[in-house]
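>
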Amino acid sequence: MMTATIYNQSTGEARTLEHVHADHLARNSRGAWSFAKPLPAGWDRELPRYRASIDLRPSQYARHRQEPPFTSCSDTHMWQYAERPIAAGEEITTTAWPHASLVPLNETAKRAREYFTSHQRSRLPQSPWRAGRLYLDDGLSGAVPQERLLGRRPEPAVPSPIRAAGR
Numbered sequence: 116m117m118t119a120t121i122y123n124q125s126t127g128e129a130r131t132l133e134h135v136h137a138d139h140l141a142r143n144s145r146g147a148w149s150f151a152k153p154l155p156a157g158w159d160r161e162l163p164r165y166r167a168s169i170d171l172r173p174s175q176y177a178r179h180r181q182e183p184p185f186t187s188c189s190d191t192h193m194w195q196y197a198e199r200p201i202a203a204g205e206e207i208t209t210t211a212w213p214h215a216s217l218v219p220l221n222e223t224a225k226r227a228r229e230y231f232t233s234h235q236r237s238r239l240p241q242s243p244w245r246a247g248r249l250y251l252d253d254g255l256s257g258a259v260p261q262e263r264l265l266g267r268r269p270e271p272a273v274p275s276p277i278r279a280a281g282r
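For the sequence shown, the residue numbers in our numbering are 116 to 282.
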């Protein structure tokens, strides 16, 4: 008999069950139970830390740091949000969107980079950081707006004859 440990994502409780039962609970609990350990409280308040894998330089225009992320860039060594040149191997902390070559060093950096690389950049805000915590929203998330149906008219429209003006 194989056993597995599953974790409650809201309470942190751990249970060791037969693998079949653990798998059933994890699949049918709508995210409440998981095989992954829950993240520690306050993980989303930790500043994102990255390690540069290549040399990066800032944009030649300072105003680019105040704009939403570029949808694409032909210069792979230019980072829109860099304030100074960054050498390969250097560790940095930033609340701006990461460059694609930055390697995440903590959970907030990992989540920000995954979100940045998997969502439509033209819809992203200037920074993933709001009110001292990681806030990932592109304005497209959430419930789909409900369509309002027009009510039926009580009676069908009846055409009325038009009088032609006499000559």
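Heads up, the beta-carbon is just placed ideally off N, CA and C, and yes, glycines get one too.
Rounded to whole angstroms, how far is the Cβ of Q241 from the Cβ of D253, which I believe are closer than 8 Å?
Here residue 241 corresponds to residue number 126 of the sequence shown, with the count starting at 1. Here residue 253 corresponds to residue number 138 of the sequence shown, with the count starting at 1. The Cβ separation is near 12 Å, so there is no contact.
> Along the chain, which unbroken stretches of the alpha helix (DSSP H) at least 4 residues long are found entirely within the stretch 193 to 242?
Here the runs fully enclosed are 222 to 233.
> Could you give the distance in angstroms between the alpha-carbon of A141 and the alpha-carbon of T210?
Start at 1 with the first residue of the sequence shown, and residue 141 comes out as number 26. Start at 1 with the first residue of the sequence shown, and residue 210 comes out as number 95. Computed Cα separation, rounded: 33 Å.
> Determine, using beta carbons only, whether R172 and G204 come nearer to each other than 8 Å.
Within the sequence shown, the letter at position 57 stands for residue 172. Within the sequence shown, the letter at position 89 stands for residue 204. No; because the gap between Cβ atoms is not below 8 Å, this pair is not in contact.
> Going by DSSP in three states, L140 sits in which element: helix, strand or coil?
As a position in the sequence shown, residue 140 is number 25, starting the count at 1. Of the three classes helix, strand and coil, the one that applies to L140 here is helix, per DSSP.
> Assuming P155 contacts T223 (C-beta within less than 8 Å), just tell me the rounded distance between them.
What you label residue 155 is simply residue 40 of the sequence shown in a count that begins at 1. What you label residue 223 is simply residue 108 of the sequence shown in a count that begins at 1. Not really, about 12 Å apart at Cβ, beyond 8 Å.
> Specify, as a first and last residue, the run of the beta strand (DSSP E) that R160 falls within.
Numbered from 1 along the sequence shown, position 45 holds the residue referred to as residue 160. No beta strand (DSSP E) holds R160; DSSP gives it neither H nor E.
> Which residue's Cα is closest to the Cα of D170: T191, E270, R245, Y196?
Here the question's residue 170 lines up with position 55 in the sequence shown. Comparing Cα positions, the closest option is T191.
> Output needed for A137: all residues of its chain with C-beta closer than 6 Å, excluding positions within five of it in sequence on either side, in chain order.
One-based indexing of the sequence shown puts residue 137 at position 22. For A137, where only same-chain residues beyond five positions count, the Cβ hits under 6 Å are A119, I121.
> What does T131 pair with, by DSSP beta-bridge criteria?
Along the sequence shown, read from residue 1 onward, the residue named residue 131 stands at position 16. T131 pairs with T120.
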